[in-house]
Amino acid sequence: MITVVIQTQSDIVEARRRGRDLAMQLGLSAVDQTRLATAISELTRNALQYAGGGVCEIEDRSDALHIRIELRVSDTGPGIADVNAALLDGYSTGGGLGAGLPGTRRLMSHFALHSQPGQTRIEAALVRHRALVRPAFQSPRHE
Ligand SMILES: Nc1ncnc2c1ncn2[C@@H]1O[C@H](COP(=O)(O)OP(=O)(O)OP(=O)(O)O)[C@@H](O)[C@H]1O
Ligand SMILES: [Mg+2]
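This is the structure we're talking about:
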C-alpha cells in the first residue's frame, strides 16, 4: 500500500504521481491513469485546504477478474458541514468551483464519504475488468 502524508502542495504532486504510476503498472489506460490522478489531487487538495493536511492511501486490491485500485483520503479537520450539499456541483465554502467532490465521484467506480467534526474520510475505487485491460501489462503476481 502507498501512503502519502499530505502537508504541502508537493505532497499532493507526489501522491498524484504515485497513483498514476500504479495505474500505469497495472495496465490501465491513459484516461484511467488521469482519472485516478485527478481524484487523488482533488481529495488531497481538499484535505490540505479545509483540514490543513491529511493522509492519502492508494492500494492495489486487484484479483483474478478485476483491476481494482482503492483510494482513501482522510483528515482530522473540522469535517464537512453539509455532506449532501458538498456533493453537488457548484457548492463551495472556499471560493472554489465546487467541482472536486462531485467530479471525483463521477470519475471513480465507487465513492463513499464519511464526515463528522474531527474526522473526514473519503473512500473511492477504480475498478476495471481484466478482460478490458491490455494483457501485456497485467501484473505477473495475479496470473
Ligand atoms: N476534507 C474536507 N474537510 C472539510 N470540508 C471539506 C473537505 N472537503 C470538502 N469540504 C467541503 O466541501 C465543499 C466542496 O468541496 P469540493 O472539492 O467539491 O469543492 P471546492 O474545494 O470548494 O472547490 P474546487 O475543488 O472545485 O476547487 C468545500 O467547499 C468544503 O466546504
Ligand atoms: Mg476541492
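All the letters of the sequence shown, read from the start, carry residue numbers 0 to 142 under numbering that gives the first Met the number 0. Where is the CB? At the ideal position from N, CA and C, for every residue including glycine.
Close beta carbons around residue i, own chain, < 6 Å, minus the five adjacent residues each side
i    : result
M107 : A38, A123, L125
R34  : L106
H113 : R120
Q71  : Per the sequence shown, residue 71 should be read as Arg rather than Gln. Cβ within range, chain order: E56, E122.
L100 : A85, L86
L47  : I5
A29  : none
S73  : G53, V54, R120
R133 : G26
Q32  : R19, A22, M23
Q115 : G78
Minimum Cβ-Cβ distance from residue i to chain B less than 8 Å
i   : result
I66 : The structure shown has no chain B; it contains just one protein chain.
Own chain residues within Cβ distance below 7 Å of residue i, not counting five before or after
i    : result
G117 : T75, G78
D59  : L21, L25, I68
S40  : I11, R15
G102 : E41
Straight-line gap, residue i to residue j (C-alpha atoms, nearest Å)
i    : j    : result
A84  : Y90  : 6 Å
A130 : L64  : 8 Å
T43  : H128 : 27 Å
R104 : A98  : 10 Å
A149 : T7   : The question about residue 149 has no answer, for the chain in this structure spans 0 to 142.
Residue i Cβ short of 7 Å to ligand 1 heavy atom set
i    : result
Q115 : no
Q6   : no
T119 : yes
A50  : yes
A38  : no
I79  : yes
D59  : no
T33  : no
L96  : yes
E41  : yes
G18  : no
A123 : no
Cut-off 8 Å between Cβ atoms - residues of its own chain near residue i, not counting five sequence neighbours on either side
i   : result
R17 : I1, V3, I57
Quiz item: Given 8 Å as the limit, is there contact between the stretch 1 to 11 and the stretch 51 to 62, that is, 3 or more CB pairs closer than that?
Solution: yes
Quiz item: For ligand 2, which residues have a Cβ under 5 Å from at least one heavy atom, in chain order?
Solution: N45, G99
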